[in-house]
DNA sequence: ATTAGCTGGTGATATTTATCATGCTGCCAA
DNA sequence: TTGGCAGCATGATAAATATCACCAGCTAAT
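Protein chains in written order, with the working numbering: chain A, 543 to 759; chain B, 543 to 759.
See below:
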């Protein structure tokens, strides 16, 4: 646990923090954090897969990012806001670990190494969100689809065949395009021999060319 | 200075940190931070206006955000990376204050309040970048232009007439559209009586309707 | 003074993406 | 058993956006 969590924190401190740790089970589709709720806990993902989304004023969902085990789910806002400005929803059966936020804050106050490690971890997480968003923004439809396929293959499943954990609609909400165009583009990739599709099962046949599409449209 | 900078830090500590503070002057257009440079300093903006940009693999610039005085310029990556993955460029004559990063880190280690305040400030900054990016992403051309006009009017200049600090090209790099369409849309707003334009001078005539366009296209 | 380059501007046209319509499947509840 | 609803899929068409071409004004460098 220590090596996965914090690098410079002694075991004593860790145990002290985690003594009040609670684990929660969430089944697929369950809301873990609701946008607008007060922030009282500090949460990280132990197993499963979740999405961070925000509901816009027109009541449409935008997916901000995905989080995999040992990512913080309380990624942003935790230290800068009273209320969550995003929701977290399980897209696979998941287990979260919940720490009391006040306790975490107290430890950060008293232990500089803990605070620095926390800062490092949260900063890394938000960095990725920002850079990833900029990457997606600069691409057009095909590049964005290629991007998300490679994202799941490389970052989440580390394999060229995997079961898509998200619906076509969710892909659309992540890359900011319509469902129809997501479907069409996946079909096109299939026809062009870049991938094979059986429902949610994806097999990447030509990773190199997919990479090319992701980079240069 | 104290109230603007950190809320819970005693004056002693602040003076200790700022004893090695250096001020630098940058004229409009000057590069303050170069993407790829090692991160050795902790920088905040004392006066002026700057843009954070990243240069994509196709050598095009994307504007990540703008920063105004007393924002940190070392917004992200500082505690999570060895090298800057963005550049900072002055878009007005600006003065930055430079602290030694190791010194800042040392103080964060020894002073929990300082660390927490730092975390709060950086978290707030990255939150804004993320939310703002999601806001822009969900809009289309006209909404994005309306958004940036209101952004400058409300957040930067707090007035309905102001001199645009950025070129049409820079607006395009911020909202992710082409220069031609930025120009066209501004002209359209002018023809529709929403704004007046004299070169870089902007006067917002119908803020309410501009707000409407920003929200609902 | 002359050219080159950059910004602002506009129109015509091509490309990309959204919208609308329709169908098909599987699943769940009445 | 029958709806009804959600996800996946495809085609036709409309709307949004990019691209290309061109012009004017300004400024920096030769």
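By construction, the Cβ of each residue, glycine as well, lies at the ideal position given by its N, Cα and C atoms. The structure presented is a predicted model; accordingly, all values stated were derived computationally and were not measured.
Report the rounded CA-to-CA distance for residue 740(A) versus residue 681(A), giving the unit in angstroms. 26 Å
Would you decide whether residue 629(B) is buried or exposed? Buried here means 16 or more other CB atoms lie within 10 Å of its CB. buried
Can you find the residues in the same chain that come closer than 7 Å, C-beta to C-beta, to residue 678(B), ignoring five residues on each side of it along the sequence? 686, 689, 717
Does chain B have any CB closer than 9 Å to the CB of residue 652(A)? yes
Using the rule of at least 16 other Cβ atoms within 10 Å of the residue's Cβ for burial, across every protein chain shown, is residue 701(A) buried or exposed? exposed
To the nearest angstrom, report how far apart residue 705(B) and residue 623(B) are at their CA atoms. 36 Å
Quick one: what's residue 614(B) bridged to in DSSP? Beta-bridge annotation (DSSP): residue 614(B) is paired with 586(B).
Any chain B beta carbon closer than 9 Å to residue 755(A): no
Under 9 Å between beta-carbons, which chain A residues line up against residue 723(B)? List them in chain order, please. Under the 9 Å cutoff, chain A gives no residues; its nearest Cβ is about 15 Å from residue 723(B).
Closer than 9 Å, CB to CB, is residue 596(B) near chain A or not? yes
Grab the span of the alpha helix (DSSP H) containing residue 601(A) for me, first residue to last. For residue 601(A), there is no enclosing alpha helix (DSSP H), as DSSP marks it with neither H nor E.
In this structure, what does DSSP give as the bridge partners for residue 638(B)? 566(B), 587(B)
Flag this pair as touching only if the segment 653-664 of chain A and the segment 643-662 of chain B have three or more C-beta atom pairs under 8 Å; answer yes or no. yes
Output, in chain order, the set of chain A residues within a Cβ distance shorter than 9 Å of residue 699(B). Residues of chain A passing the Cβ test: none, with the nearest at roughly 25 Å.
Classify residue 573(A) as buried or exposed, calling it buried when 16 or more other Cβ atoms lie within 10 Å of its own Cβ. exposed
By Cβ distance below 7 Å, which residues in the same chain neighbour residue 667(A) in space, the five residues on each side in sequence not counted? 613, 614, 617
Is there a Cβ from chain A that is less than 9 Å from the Cβ of residue 615(B)? no
Quick test of your reading: residue 765(A) and residue 747(A), contact by CB under 8 Å. State the CB separation rounded to the nearest angstrom. Nothing in the structure corresponds to residue 765(A), since chain A is present only between 543 and 759.
Nearest CA to the CA of residue 582(B): which residue from 619(B), 643(B), 592(B), 568(B)? 643(B)
Whole angstroms are fine: how far does the CA of residue 578(B) sit from the CA of residue 626(B)? 5 Å
For residue 697(B), the nearest candidate out of 600(B), 599(B), 611(B), 594(B) (CA to CA): 611(B)
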